[in-house]
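Engineer: Just dropping this structure here.
Chains as they are written, first to last, in this note's numbering: chain F, 102 to 349; chain E, 102 to 349.
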């Protein structure tokens, strides 16, 4: 997924950033509600990257070959570097990174505990589905953020090469044994259900973050827009499942 | 540990590299026995780094705080980058990195299986003791290698900051509860025993590597020199245990 460049924008006027999206961090952060929401967002994203590092490193143990193991270790290491950038940014804006991450530890650890893959393929599907949904969500949010935060968020969402790797391995496994497809499709549905239930928990707990999402702070989404965002994310998920050869 | 620079060499003449150590890879590798020994060495080192990545990532799960978790993840990521350099080097000299690593998988996995830490402190002691002994050994060997291989080996042995971190945490834990020291001292002895038994297994299996170590290839050590090397490594281990506050 790429944001449009000026040459392919359909309507230049309406695509120009407005409000907070047209401001840099220094100006946008003058609003304490906006500042609190961004600290929440960076904290959630940072812990998500650290947790992703742990899961990928764990999945590397299930790898059927040394080449696959090294691939997973490479992705884990890339996630760690994303974590580092987010942590450094939190420090740079005068926040305690650990404090910013703490509110999201229970939900993310809960998600990972409820969805521990039982084999290599389940691990691949989980990393692919989980990363993609998280990435879609953060990209949607990024478009509404001040220019400095947006740039950082988009940089850490940069593809780590995982998607192509997972799609190739999962498709090959389904080709070799079509029954694998049914099992993995069920697994992907369970992942999506668990991700939604943990997100709801976070949204219910974190006022600043959810207020930004449903409007009220700067250029936050309104509720109808949140609905459309979720349907875009769900559609993208369905397409990815099809690309994997799975019924969503 | 630093190699001497020209200004602090006691005897310039005798410290000049001779034989293989004075050659670059292109020249030294013309000897097929030397070449095979270096491929073994790089393969063992590469798989050691990949295994270290996995163990550190695993230990990160035992970390008592997010800050500690992030520290371990950082070290794991550094080990992965060392692995990448070694793998790239093997590829560069026309070797299959996976094939070069395979002979060392059983011994290293065996070592790690026999010495799975049961808590955070055991994990720290293991990483510190294991890394240090491996590092001492490779530095001893590095001095005998051609200049290109030596440079790479010394670069990937560069301290990842683990030592200082482990010493600080272990000393603090012993200060807080001196009984911890007895338990960890026993643990360190078990690690050393297991490391020696796995090394013997590797040496018995790998002709090219052990021939280089005990002489016969280029400037290999002679048996007396191997004995002195092991006593230097054991002494350094004893000093490190003392630094940790443990009886060796």
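Glycine included, each C-beta is placed from N, C-alpha and C at the ideal position.
Grab me the residues of residue 140 of chain E's own chain with a C-beta within less than 6 Å of its C-beta, minus the 5 sequence neighbours each way, in chain order.
Structural biologist: Same-chain partners within the cutoff: 196 and 201.
Engineer: At 8 Å on the CB atoms, spell out the chain F contacts of residue 182 of chain E, in chain order.
Structural biologist: What residue 182 of chain E touches in chain F: 178.
Engineer: What separation, rounded to the nearest whole angstrom, lies between the Cα atoms of residue 342 of chain E and residue 252 of chain F?
Structural biologist: Approximately 47 Å, taken between the alpha carbons.
Engineer: Quick one, which residues of the stretch 155-170 of chain E are near chain F if we go by CB-CB under 8 Å, in chain order?
Structural biologist: Those would be 155, 158, 159, 161, 162, 166, 167, 168 and 170, in chain order.
Engineer: First and last residue of the alpha helix (DSSP H) that includes residue 219 of chain E?
Structural biologist: First-last for residue 219 of chain E: undefined, no H or E at that position.
Engineer: Measure the beta-carbon distance from residue 268 of chain F to residue 285 of chain F and round it to whole angstroms, keeping in mind my assumption that it falls under 8 Å.
Structural biologist: 12 Å between Cβ atoms; not a contact.
Engineer: DSSP state of residue 387 of chain F, grouped into three classes?
Structural biologist: Residue 387 of chain F is absent from the model: chain F starts at 102 and stops at 349.
Engineer: For residue 135 of chain E versus residue 205 of chain E, is the C-beta spacing smaller than 8 Å?
Structural biologist: No. Outside cutoff.
Engineer: Determine the closest residue to residue 198 of chain E out of F:138, F:330, F:170 and F:186, with distance taken between C-alpha atoms.
Structural biologist: With distances taken between Cα atoms, residue 198 of chain E lies closest to F:170.
Engineer: Given a cut-off of 8 Å on the beta-carbon distance, is the pair residue 263 of chain E and residue 229 of chain E in contact?
Structural biologist: Yes.
Engineer: With a 10 Å radius around its C-beta and 16 neighbouring C-beta atoms as the bar for buried, classify residue 224 of chain F as buried or exposed.
Structural biologist: Looking at its Cβ environment, which holds 16 or more other Cβ atoms inside 10 Å, residue 224 of chain F is buried.
Engineer: At the 8 Å Cβ level, is residue 174 of chain F part of the contact set with chain E, yes or no?
Structural biologist: Yes - at least one Cβ of chain E is within 8 Å of the one on residue 174 of chain F.
Engineer: Residues of chain F with CB closer than 8 Å to the CB of residue 307 of chain E, please, in chain order.
Structural biologist: Within 8 Å Cβ-Cβ: nothing; residue 307 of chain E doesn't reach chain F, min ~18 Å.
Engineer: Taking the alpha helix (DSSP H) that residue 303 of chain F belongs to, which residues open and close that run?
Structural biologist: Looking at the DSSP string, the run of the alpha helix (DSSP H) that includes residue 303 of chain F is 280-306.
Engineer: Using a Cβ cut-off of 8 Å (strictly closer), state whether residue 319 of chain E contacts chain F.
Structural biologist: In this predicted model, residue 319 of chain E has a pLDDT of only 48, less than 50, meaning its place in the structure is not dependable enough to derive any value.
Engineer: So the alpha helix (DSSP H) residue 264 of chain E belongs to, where does it begin and stop?
Structural biologist: It spans 263-277 - the alpha helix (DSSP H) in which residue 264 of chain E sits, taken as one unbroken run.
Engineer: What separation, rounded to the nearest whole angstrom, lies between the Cα atoms of residue 326 of chain F and residue 266 of chain F?
Structural biologist: Approximately 33 Å between the Cα atoms of the pair.
Engineer: Could you say which of E:304, E:289, E:311 and E:303 lies nearest to residue 339 of chain E if we only look at CA atoms?
Structural biologist: Measuring from the Cα of residue 339 of chain E, the nearest candidate turns out to be E:289.
Engineer: Please state the DSSP three-state secondary structure of residue 318 of chain F.
Structural biologist: Bear in mind that a pLDDT of 49 at residue 318 of chain F, under 50, signals an unreliable position, so the number given afterwards is only what the model happens to contain. In the structure shown, residue 318 of chain F sits in coil (DSSP, three-state: anything other than H, G, I, E or B).
Engineer: Are the C-beta atoms of residue 225 of chain E and some chain F residue less than 8 Å apart?
Structural biologist: By this cut-off, residue 225 of chain E is not an interface position.
Engineer: Under 8 Å by Cβ, that's how I've got residue 305 of chain E and residue 122 of chain E pegged, so tell me the actual separation to the nearest angstrom.
Structural biologist: No, residue 305 of chain E and residue 122 of chain E are not in contact; Cβ-Cβ is about 27 Å, not under 8 Å.
Engineer: Would you report the Cα separation of residue 334 of chain E and residue 157 of chain F, rounded to the nearest angstrom?
Structural biologist: Going from the Cα of residue 334 of chain E to the Cα of residue 157 of chain F covers about 35 Å.
Engineer: Any C-beta of chain F within less than 7 Å: which residues of the stretch 140-151 of chain E qualify?
Structural biologist: Hits within the stretch, in order: 151.
Engineer: Just to confirm my understanding: we take residue 318 of chain F, look at its own chain, exclude 5 residues before and 5 after, and list those with CB closer than 8 Å. What are they?
Structural biologist: Unreliable positioning characterises residue 318 of chain F in this predicted model, as indicated by a pLDDT of 49, which lies under 50. The coordinate reading is nonetheless provided below. Contacts found: 132, 134, 135, 138, 309 and 312.
Engineer: With distances taken Cα to Cα, identify the nearest neighbour of residue 237 of chain F among F:208, F:330 and F:181.
Structural biologist: The residue with the shortest Cα to Cα distance from residue 237 of chain F is F:330.
Engineer: Are the Cβ atoms of residue 150 of chain E and residue 193 of chain E separated by less than 8 Å?
Structural biologist: No, Cβ-Cβ distance for residue 150 of chain E and residue 193 of chain E is not below 8 Å.
Engineer: Between residue 188 of chain E and chain F, is any beta-carbon pair separated by less than 8 Å?
Structural biologist: At least one chain F Cβ lies under 8 Å of residue 188 of chain E.
Engineer: Looking at the C-beta of residue 192 of chain E, does it have a partner C-beta in chain F at a distance below 8 Å?
Structural biologist: So, not an interface residue.
Engineer: The alpha helix (DSSP H) with residue 127 of chain E in it runs from where to where?
Structural biologist: Element bounds for residue 127 of chain E: 126-129.
Engineer: So with CB distances below 9 Å, who are the chain B contacts of residue 199 of chain E?
Structural biologist: No chain B appears in this structure, whose protein chains are F and E.
Engineer: At 7 Å on the CB atoms, spell out the chain F contacts of residue 202 of chain E, in chain order.
Structural biologist: The contacting residues are 167.
Engineer: Can you tell me which of E:178, E:168 and E:186 puts its alpha carbon nearest to the alpha carbon of residue 257 of chain E?
Structural biologist: Selected option, being the one with the closest Cα: E:186.
Engineer: Check each candidate in F:209, F:226, F:220 and F:155 and name the one with the smallest Cα separation from residue 348 of chain F.
Structural biologist: It is F:226.
Engineer: When the distance is taken between beta carbons, is residue 177 of chain E closer than 8 Å to residue 161 of chain E?
Structural biologist: Yes.
Engineer: If I measure Cβ to Cβ from residue 153 of chain F and keep anything under 6 Å in the same chain, skipping five residues before and after, which residues do I get?
Structural biologist: Cβ neighbours of residue 153 of chain F beyond the five flanking positions: 180.
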